[in-house]
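K.L.:
My numbering numbers the first residue of the sequence shown as 74 and each following residue consecutively. Backbone N, C-alpha and C define an ideal beta-carbon position, used for all residues, glycine too.
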Amino acid sequence: VAMDDLGWLFETGNNVNADQAKALSLFNEAASRGSAEGMYHLGVIYHEGLGVKKDLATACQWFIRAAAEDVPHAATEAGFCYYNGTGVAQDHEAAFNAFVKAGQAGLIDARVYVADMLERGDGHNQDSTYAVMWYQAAAEQGSAYAMTELGAHLRLGKGVVWNEAQAMQWFAKGAEQGYVPAETSLAMGYLNGLGQSVGQGRQDYREAAHWFS
74 VAMDDLGWLF ETGNNVNADQ AKALSLFNEA ASRGSAEGMY HLGVIYHEGL GVKKDLATAC
134 QWFIRAAAED VPHAATEAGF CYYNGTGVAQ DHEAAFNAFV KAGQAGLIDA RVYVADMLER
194 GDGHNQDSTY AVMWYQAAAE QGSAYAMTEL GAHLRLGKGV VWNEAQAMQW FAKGAEQGYV
254 PAETSLAMGY LNGLGQSVGQ GRQDYREAAH WFS
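Right, dumping it as structure tokens:
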């Protein structure tokens, strides 16, 4: 752990002069002793080309090793490696499983990837109900994209019981972050008087114009 921490200091230049070569040496030493964090940081170094020639295949090998040791951020990166076939045979099912592992650890981006793959039936059987669960988890963490996707599923009653009022609430949350698809969906709701139940929403052309603009 001490080597990992010291390597991070040299990598970032936090309270010391940045020294990528020193960071690489320390992370290599940590990884050789079985440190999962050291493996992950080596992946970052090769992925970003920090003091070494950028090498995505090598980066992915380290990310996959770190993910096997339950490093959440490494699991997200390993998911991309498997998805794109970088440094490893392309395997969308393995990518899905890696994203699930990271998502279960609370990583918002991984939760979105899981939801999208479930919605497409990519790496897993298509399952809108399961996708909604993951979209909601990411939405509750603040992802405007997930808020909008959750709202769309609620508006359509896809994978979840139809609820236009809740759909408008999620569109509003996404719109408040300046996310254009959410603004558009919210505007459509106001334009058509959606928001509570059929024929009972608040039709508001002023609000619709505001969000369309």
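Determine the DSSP secondary structure at residue 110, reduced to helix, strand or coil.
P.N.:
What you label residue 110 is simply residue 37 of the sequence shown in a count that begins at 1. Helix, per DSSP.
K.L.:
Where does residue 197 sit, in a helix, a strand or coil, going by DSSP?
P.N.:
Here residue 197 refers to the residue found at position 124 when the sequence shown is read from its first residue. In this structure, residue 197 counts as coil in the three-state DSSP scheme.
K.L.:
Kindly list the residues whose CB is nearer than 6 angstroms to the CB of residue 142, restricted to its own chain and excluding five residues on each side of it in sequence; keep chain order.
P.N.:
Stepping through the sequence shown from its first residue, residue 142 is reached at position 69. Counting only Cβ-Cβ distances below 6 angstroms, and skipping sequence neighbours, we find 109.
K.L.:
In three-state DSSP terms, what is residue 159?
P.N.:
Locating residue 159 in the sequence shown gives position 86, counting from the first residue. Coil at residue 159, not helix or strand.
K.L.:
The alpha helix (DSSP H) that contains residue 259, what's its start and end?
P.N.:
Sequence index remark: in the sequence shown, residue 259 carries index 186 (1-based). 253-264 is the extent of the alpha helix (DSSP H) around residue 259.
K.L.:
Name the two residues that bound the continuous alpha helix (DSSP H) containing residue 284.
P.N.:
Translated into positions along the sequence shown, residue 284 becomes position 211. That run of the alpha helix (DSSP H) goes 278-285.
K.L.:
So, is residue 258 buried or exposed, given that buried needs 16 or more other C-beta atoms within 10 angstroms?
P.N.:
Within the sequence shown, numbered from 1, the residue matching residue 258 stands at position 185. By the 10 Å Cβ count, residue 258 comes out buried.
K.L.:
Starting from residue 170 and walking both ways along the alpha helix (DSSP H), at which residues does that stretch end?
P.N.:
Along the sequence shown, read from residue 1 onward, the residue named residue 170 stands at position 97. Taken as a continuous stretch (DSSP letters only), the alpha helix (DSSP H) holding residue 170 covers 165-177.
K.L.:
For residue 175, tell me which candidate among 133, 140 and 254 has the shortest Cα-Cα distance.
P.N.:
Residue numbering aside, residue 175 sits at position 102 when the sequence shown is read from its first letter. Comparing Cα-Cα distances from residue 175 to each of 133, 140 and 254, the minimum goes to 140.
K.L.:
Would you decide whether residue 279 is buried or exposed? Buried here means 16 or more other CB atoms lie within 10 Å of its CB.
P.N.:
Residue numbering aside, residue 279 sits at position 206 when the sequence shown is read from its first letter. Residue 279 comes out exposed.
K.L.:
So, are the CB atoms of residue 247 and residue 217 less than 9 angstroms apart?
P.N.:
The residue given as residue 247 occupies position 174 in the sequence shown. The residue given as residue 217 occupies position 144 in the sequence shown. Against a cut-off of 9 angstroms, the Cβ pair of residue 217 and residue 247 comes out as a contact.
K.L.:
Quick one: Cα of residue 52 to Cα of residue 101, how far?
P.N.:
Residue 52 lies beyond the range of the chain shown here (74 to 286); nothing can be said about it.
K.L.:
For residue 277, I'd like the list of residues in its chain whose CB is within less than 6 angstroms of its CB, leaving aside the five on either flank, ordered along the chain.
P.N.:
As a position in the sequence shown, residue 277 is number 204, starting the count at 1. So the list reads 263, once near-sequence residues are dropped.
K.L.:
Report the rounded CA-to-CA distance for residue 199 versus residue 188, giving the unit in angstroms.
P.N.:
What you label residue 199 is simply residue 126 of the sequence shown in a count that begins at 1. What you label residue 188 is simply residue 115 of the sequence shown in a count that begins at 1. Straight-line Cα distance between these residues: approximately 10 angstroms.
K.L.:
Does the Cβ of residue 163 have 16 or more other Cβ atoms within 10 Å, making it buried, or fewer, making it exposed?
P.N.:
Translated into the one-based positions of the sequence shown, residue 163 becomes position 90. Burial call: exposed.
K.L.:
Excluding the 5 residues flanking residue 219 on each side, which residues of the same chain have their C-beta closer than 6 angstroms to its C-beta?
P.N.:
On the sequence shown, position 146 is the one that residue 219 refers to. Within the same chain, residue 219 has close Cβ partners 185, 208, 211 and 212.
K.L.:
Count the other C-beta atoms from every protein chain shown that fall within 10 angstroms of the C-beta of residue 233, then say buried if there are 16 or more, exposed otherwise.
P.N.:
Sequence index remark: in the sequence shown, residue 233 carries index 160 (1-based). Label assigned to residue 233: buried.
K.L.:
With distance defined between alpha-carbon atoms, name the residue in 242, 182, 275 and 148 nearest to residue 170.
P.N.:
Numbered from its first residue, the sequence shown carries residue 170 at position 97. For the residues 242, 182, 275 and 148, the minimum Cα distance to residue 170 belongs to 148.
K.L.:
Can you tell me whether DSSP reads residue 126 as helix, strand or coil?
P.N.:
As a working note, residue 126 is residue 53 in the sequence shown. In the structure shown, residue 126 sits in coil (DSSP, three-state: anything other than H, G, I, E or B).
K.L.:
According to DSSP, is residue 231 helix, strand or coil?
P.N.:
As a working mapping, residue 231 is identified with position 158 in the sequence shown. Residue 231: coil per DSSP, three-state reduction.
K.L.:
Locate the alpha helix (DSSP H) running through residue 247, then write down its first and last residues.
P.N.:
Your numbering for residue 247 matches position 174 in the sequence shown. Counting along the chain, the alpha helix (DSSP H) containing residue 247 begins and ends at 237-249.
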